[in-house]
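In what follows, a single structure is set out as structure tokens and then discussed.
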Amino acid sequence: MSVAVSLAPRLAIERIRATKGAGVLDAMAVLAFTVSSWLALTVAGGTWMFFQRWQAEGALPDSQQTGLAITYVALACFACALLVIPILGLGGGAARLGARGRVRRLASLRLIGMTSGEVVRMSVIETLVQAVAGAVLGSAVFVVSLPLWQLLSFQMLPIGFGELLLPWWLWLAVIGALLLLAVASTVLGLRRVTISPLGIARDHTPRRLKTWRLVVVVALVVAFLVYAQFTNIASFIGLVTTVVFLALVIGSINLVGPWLMQLVARPGARTSNVARLLAARRILDDPRGAWRNVASLAFLGFIAGFVVTMPATGEGGTDTFFVHDIQTGVAITLAVGLILAATATLMTQASQVFDRAAESIALDRMGVPATVHLSVRRRLVVVPLAVALGTSVPLGLLLSTVAAVQLDSFPVVGVSLLAGTVILGFLLSLGAAEACRPLQAGILTEQRRRND
Amino acid sequence: MASAFQQWSTRDMIIPEPPRNTLSAHNISKSYGAVRALADVTLEIPPGQAVAIMGPSGSGKSTLLHCLSGILVPDAGEVSLGGDSVSALRDKQRSLLRRRRFGFVFQDGQLLPELPARENVALPLLLTGIPRTQALQAADVWLGKLGLAGMENRRPGELSGGQAQRVAIARALIHKPEVVFADEPTGALDQATGHEVMQLLTATTARSGASLVVVTHDDEVARWCERLIEIRDAMVHDDQQISRTIR
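Protein chains in written order, with my numbering: chain A, 6 to 457; chain B, 106 to 352.
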């Protein structure tokens, strides 16, 4: 057995068992994998339930419902596809957690003679240990949470306890995909920094992102709106091209997002307010990273904006239940997405607390008040979030006009979902930032003692 | 470098000259659990004096620096600056004291990597509410004095270790502190750069009228100071005036 294979799990387990320092980050990575496994299994379980109902013809109370059963499967698959981005974000974030600390630690292993390949293998094994622990816990939470779903009903039937339970092969596929993602994120993350025996490459002044990003996105949106005017979306080809076009427009938000981060942060870099200055400089230092942290929330904002024109009620009979089910499905998708995004924010902020420990200690010794650290952290959460939602929600609303049905009344449900997403998005993200206060305080007091 | 100092004039100053006070420790003791880090240490550092604190690892020298600078509160005894008790202050007041009346130079600079050199230097002034334009002007002047003209917009990652430490010295002195604390200021530098940094640190601190407290393992570094305090087993083992290296 290679050194990496034998050493990595032992180091990871020992750090998790520790209650301080990098152990907290490892525990948080396990938490992130737990949440992503739990929610991935839940959405997969929902899709499996609709698939089984479709397969068991006559099981539904209404013949029209039976006709719509395949639509439910398709919509559930669509919801799964939508949630892939936040799940990817969380899994990737967990793999990158405490990157600086990890690179420093791995650099010291290079110093004592480990090869670059061994170090990468060791990181992958560390991530796998965390991911497997998270998958086991996530599966347990999934099973324990199953009775709660019985409170909801779809297709005029309450969700049965066993309906969400996945067959073993599907469970393995979901967990296997998550583990694969975690490994891929670790390898990609490590490729960005060369782990030399002397540690991380030096930071340099980042290049400005160019305006072409905005031009591309505006051109795509305008092209889509023009295209929608002259295309029969009801036809099969029209529907397919519209979905592809829409996906392109949604994807393009990620192109303009970092540029907008840079634009919004730049005035902050010319201020006398230290907290604002530090937050702005950190965003300007890595606008892509700042965007990556809120990309999944931007995506949710887009969905919430897009579904705002969703009808509040159906036209009676099956239609009423279908509309009700769509609303429930959208609400569940947004809620799952918000939980994923909040967990990702918690991880990112906690990771930064540890990655910036030395700087924080130096600032504390110089007499910088703790409120400055807190204010910086809040700004690093709120500013990117405001940019993300401020971009994605209006874009969602704009594009929803293409698919909008004639509304007879104010879209109460859609607006409530949008407001709920925006408010909860801010509250959960701020809560995640606040939750890092004890970590910061712990680092400052711990270091003071250790230093002598 | 000397010619740069000769250009120093009072028009560079934003903050009025502070009063110069003696920093004193009276019978201070500090323990971490069962481990005694300081035992009944008494000393006085008059204004403008450069003091080196030496001693083996674990002797208590860093704890002494932390108690003198108000980072730690001694379990017993008192630290005072010009008659004002430092150790009796609450945490927030001690932070304010450190921000306004003390300066710090750390082993590896500990500059903020996202900020260009001039903003790193201007940080203590910005924290005291001085407008950005004035703070940056003062920072540029300081960087010029320390031989870093033209490097104001470079970030720490684009500076050498010695240059980064010079930025740290400028940051420690820009707000005219009464005492500058330097914890192993040359620990991460080669010998030649270390000498250059110590020369700048002692010269600029003396010129500004501040006292300097340097914790070091290195005899050569200690020789830049005029007084050497040796700590052993948590106590002052020796306290003597030394013939310092000519600045």
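Backbone N, C-alpha and C define an ideal beta-carbon position, used for all residues, glycine too. Just so you know, these numbers come straight off a predicted model, no measurement behind them.
Using a beta-carbon distance below 9 Å, is residue i in contact with chain A?
| i | result |
| --- | --- |
| residue 204 of chain B | yes |
| residue 193 of chain B | no |
| residue 222 of chain B | no |
| residue 217 of chain B | yes |
| residue 161 of chain B | no |
| residue 348 of chain B | no |
| residue 201 of chain B | yes |
| residue 197 of chain B | yes |
| residue 334 of chain B | no |
| residue 139 of chain B | no |
| residue 274 of chain B | no |
| residue 180 of chain B | no |
Any beta-carbon of chain B closer than 9 Å to the one on residue i?
| i | result |
| --- | --- |
| residue 75 of chain A | no |
| residue 383 of chain A | no |
| residue 199 of chain A | For residue 199 of chain A, the pLDDT reaches just 49, beneath the cut-off of 50, and the residue's location in the model is therefore unreliable, leaving the point undetermined. |
| residue 369 of chain A | yes |
| residue 372 of chain A | yes |
| residue 363 of chain A | yes |
| residue 337 of chain A | no |
| residue 298 of chain A | no |
Grab the span of the alpha helix (DSSP H) containing residue i for me, first residue to last.
| i | result |
| --- | --- |
| residue 196 of chain B | 196 to 206 |
| residue 304 of chain A | 292 to 311 |
| residue 346 of chain B | Looking at the DSSP string, residue 346 of chain B is not in any alpha helix (DSSP H); the run it does join, the beta strand (DSSP E), is 340 to 346. |
| residue 257 of chain A | 241 to 270 |
| residue 133 of chain A | 121 to 150 |
| residue 436 of chain A | 417 to 439 |
| residue 250 of chain B | 237 to 250 |
Residue i by DSSP, collapsed to three states: which one?
| i | result |
| --- | --- |
| residue 132 of chain B | strand |
| residue 256 of chain B | coil |
| residue 371 of chain A | coil |
| residue 54 of chain A | helix |
| residue 149 of chain B | strand |
| residue 317 of chain B | strand |
| residue 189 of chain B | strand |
| residue 159 of chain A | strand |
| residue 5 of chain A | Within the shown structure, residues of chain A are numbered from 6 to 457, placing residue 5 of chain A beyond reach of any answer. |
| residue 209 of chain B | strand |
| residue 271 of chain B | helix |
| residue 140 of chain B | strand |
| residue 60 of chain A | helix |
| residue 215 of chain B | coil |
| residue 329 of chain B | coil |
| residue 383 of chain A | helix |
| residue 202 of chain A | Note that residue 202 of chain A scores a pLDDT of 45, beneath 50, so its modelled location is shaky; the value from the coordinates is reported in the next line. Correct three-state label for residue 202 of chain A: coil. |
Give every residue of the same chain whose Cβ lies closer than 7 Å to the Cβ of residue i, excluding the five residues on either side of it in the sequence, and list them in chain order.
| i | result |
| --- | --- |
| residue 214 of chain A | 263, 264, 267, 292 |
| residue 257 of chain A | 221, 222, 225 |
| residue 149 of chain B | 127, 129 |
| residue 273 of chain A | 281, 282, 284, 285 |
Looking only at its own chain, which residues have a Cβ that is under 8 Å from the Cβ of residue i, when we skip the five neighbours before and after it?
| i | result |
| --- | --- |
| residue 243 of chain A | 236, 237 |
| residue 206 of chain B | 123, 186, 282, 283, 284 |
| residue 345 of chain B | 332, 333 |
| residue 223 of chain B | 241, 244, 245, 248, 257, 258 |
| residue 432 of chain A | none |
Give every residue of the same chain whose Cβ lies closer than 6 Å to the Cβ of residue i, excluding the five residues on either side of it in the sequence, and list them in chain order.
| i | result |
| --- | --- |
| residue 489 of chain A | Look at the range of chain A in this structure, 6 to 457, and you will see that residue 489 of chain A is not part of it. |
| residue 292 of chain B | 212 |
| residue 144 of chain B | 134, 339, 340 |
| residue 188 of chain A | 129 |
| residue 332 of chain A | 418 |
| residue 180 of chain A | 140 |
| residue 312 of chain A | 335, 419 |
Assuming residue i is part of the beta strand (DSSP E), what are its boundary residues?
| i | result |
| --- | --- |
| residue 286 of chain B | 284 to 288 |
| residue 182 of chain B | 181 to 186 |
| residue 333 of chain B | 332 to 337 |
| residue 159 of chain B | 155 to 159 |
Could you tell me whether the stretch 388 to 399 of chain A touches the stretch 293 to 307 of chain A, using the rule of 3 or more Cβ pairs below 8 Å?
By the Cβ test, the stretch 388 to 399 of chain A is in contact with the stretch 293 to 307 of chain A, since at least three Cβ pairs between them sit closer than 8 Å.
Below 8 Å, can you find three or more Cβ-Cβ pairs linking the stretch 35 to 53 of chain A to the stretch 87 to 98 of chain A?
Flag = yes, the stretch 35 to 53 of chain A and the stretch 87 to 98 of chain A touch.
Do the stretch 415 to 425 of chain A and the stretch 357 to 365 of chain A touch if we need at least three Cβ pairs shorter than 8 Å?
Touching, no, given that fewer than three Cβ pairs across the two stretches are closer than 8 Å.
Are the stretch 240 to 253 of chain B and the stretch 423 to 442 of chain A touching by the rule of at least three beta carbon pairs closer than 8 Å?
At 8 Å Cβ cutoff, the stretches do not touch.
Give a yes or no on contact between the stretch 327 to 342 of chain A and the stretch 156 to 172 of chain B, applying the rule of three or more CB pairs nearer than 8 Å.
With the cut-off at 8 Å, the stretch 327 to 342 of chain A and the stretch 156 to 172 of chain B do not touch.
Specify whether the stretch 395 to 406 of chain A and the stretch 213 to 221 of chain B touch according to this definition: at least 3 beta carbon pairs, one from each stretch, less than 8 Å apart.
Short answer: they don't touch.
The stretch 256 to 266 of chain B in contact with the stretch 194 to 209 of chain B per 3-pair CB rule at 8 Å:
At 8 Å Cβ cutoff, the stretches do not touch.
The stretch 124 to 133 of chain B contacting the stretch 176 to 196 of chain B, beta-carbon criterion three pairs below 8 Å
Yes, since at least three Cβ pairs between the stretch 124 to 133 of chain B and the stretch 176 to 196 of chain B fall closer than 8 Å, the two stretches touch.
Inter-stretch contact (C-beta, 8 Å, three-pair minimum) for the stretch 47 to 63 of chain A and the stretch 72 to 84 of chain A
The stretch 47 to 63 of chain A makes contact with the stretch 72 to 84 of chain A: 3 or more CB pairs, one atom from each, lie closer than 8 Å.
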